[in-house]
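> If you're matching positions, the sequence shown starts at -13 in the working numbering and goes up one per residue. Glycine residues also receive a C-beta, built at the ideal position from the N, C-alpha and C atoms.
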Amino acid sequence: DKQEFGSEGKESSSLGEVFDMAAYRELASSKKVVAIGECGLDYYRLAEETKAKQYAAFEAQIALANELNLPLMLHIRNAYRDAYDILKTHARVKGNVHFFAGTWEEAKLFLNMGFTLSFTGVVTFARTYDETIKNAPRAQILSETDAPYVAPVPHRGRRNEPAYVSAVARAIAEIRGEPEETVLEALVANARRVFSV
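(1) Which stretch, first to last residue, makes up the alpha helix (DSSP H) that contains N176?
(2) Which of the three DSSP states, helix, strand or coil, is assigned to M59?
(3) Applying the 10 Å Cβ sphere with the 16-neighbour rule, what's the burial state of G26?
(4) Buried or exposed: where does F96 fall if 16 or more other Cβ atoms within 10 Å of its Cβ makes it buried?
(5) Quick one: complete alpha helix (DSSP H) runs, 4+ long, within the region 90 to 162?
(6) Identify which residue in V154, A177, N176 has its Cα closest to the Cα of E166.
(7) Taking all protein chains shown into account, decide if G163 is buried (16 or more other Cβ within 10 angstroms of its Cβ) or exposed.
(8) Are the region 48 to 55 and the region 145 to 153 touching, with three or more C-beta to C-beta distances below 8 Å?
(9) In this structure, how does DSSP classify D28 when only helix, strand and coil are distinguished?
(10) I'd like to confirm the pairing. Which residues does DSSP put opposite G23 in its beta bridges?
(11) State yes or no: is the C-beta of V174 within less than 8 Å of the C-beta of A159?
(12) Taking buried to mean at least 16 other C-beta atoms within 10 Å of its own C-beta, is A195 buried or exposed?
(13) By how many angstroms is the C-alpha of T102 removed from the C-alpha of V108?
(14) Going by the DSSP bridge assignment, what does G88 pair with across the sheet?
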């Protein structure tokens, strides 16, 4: 579970129900911070009464990103339409949809808002995301590992490592039918642009 910490460093909640704006504003003021997140909506095994708390936390995190002019690193699970509706209303910044697992139709919502989509080791063994990977503009895709989870082929079933991101990048190039070097250069350039690094 994702953990949230209050200003005294004590765990205050899981699944993002509580967001201490002052504490996070202070943390985010560091020059080392390149984005606000992971933040968003996660409906996996979600109790209905938790949704309102997630909405409030997400809106506060978006407000902080707007205030500090930092991109958002979005965590969205089974909630793409609701997250899009909140972003459309509140976000003045862009960012990345981490571990994108939606449909091409859902992808277009975020791409049209200027967000990037990142893909994990899942793309090395599941064909579910091929349509999105093929159709998304090259300038709006990223690769990631989500280590220690979802190791790519040929490491599937083992602990994932950040070094395995190259397998994800190769799979993206193969799915897109583009030279690996072209895709690798784009992925690096995209990450640098999105996170100003």
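For this structure:
(1) Looking up residue 176 in the sequence shown gives position 190. Taken as a continuous stretch (DSSP letters only), the alpha helix (DSSP H) holding N176 covers 166 to 181.
(2) Position 73 of the sequence shown, counted from the start, is the residue given in the question as residue 59. Here M59 sits in strand by DSSP.
(3) Stepping through the sequence shown from its first residue, residue 26 is reached at position 40. It is buried - the Cβ of G26 has at least 16 other Cβ atoms within 10 Å.
(4) Here residue 96 refers to the residue found at position 110 of the sequence shown. Buried: at least 16 other Cβ atoms inside 10 Å.
(5) 90 to 98, 116 to 121, 151 to 162
(6) In the sequence shown, counting from the first residue as 1, residue 166 sits at position 180. Ranking the options by Cα distance to E166, first place goes to V154.
(7) Within the sequence shown, the letter at position 177 stands for residue 163. When all chains shown are included, G163 counts as exposed.
(8) no
(9) Stepping through the sequence shown from its first residue, residue 28 is reached at position 42. D28 falls in the strand class under three-state DSSP.
(10) Here residue 23 is taken as the residue at index 37 of the sequence shown, counted from 1. G23 is bridged to M59.
(11) Translated into positions along the sequence shown, residue 174 becomes position 188. Translated into positions along the sequence shown, residue 159 becomes position 173. Contact flag unset, no.
(12) Missing from the structure shown is residue 195; the chain here goes from -13 to 183 and no further.
(13) Within the sequence shown, the letter at position 122 stands for residue 108. Within the sequence shown, the letter at position 116 stands for residue 102. One C-alpha to the other measures close to 17 Å.
(14) Translated into the one-based positions of the sequence shown, residue 88 becomes position 102. G88 is not bridged to any residue.
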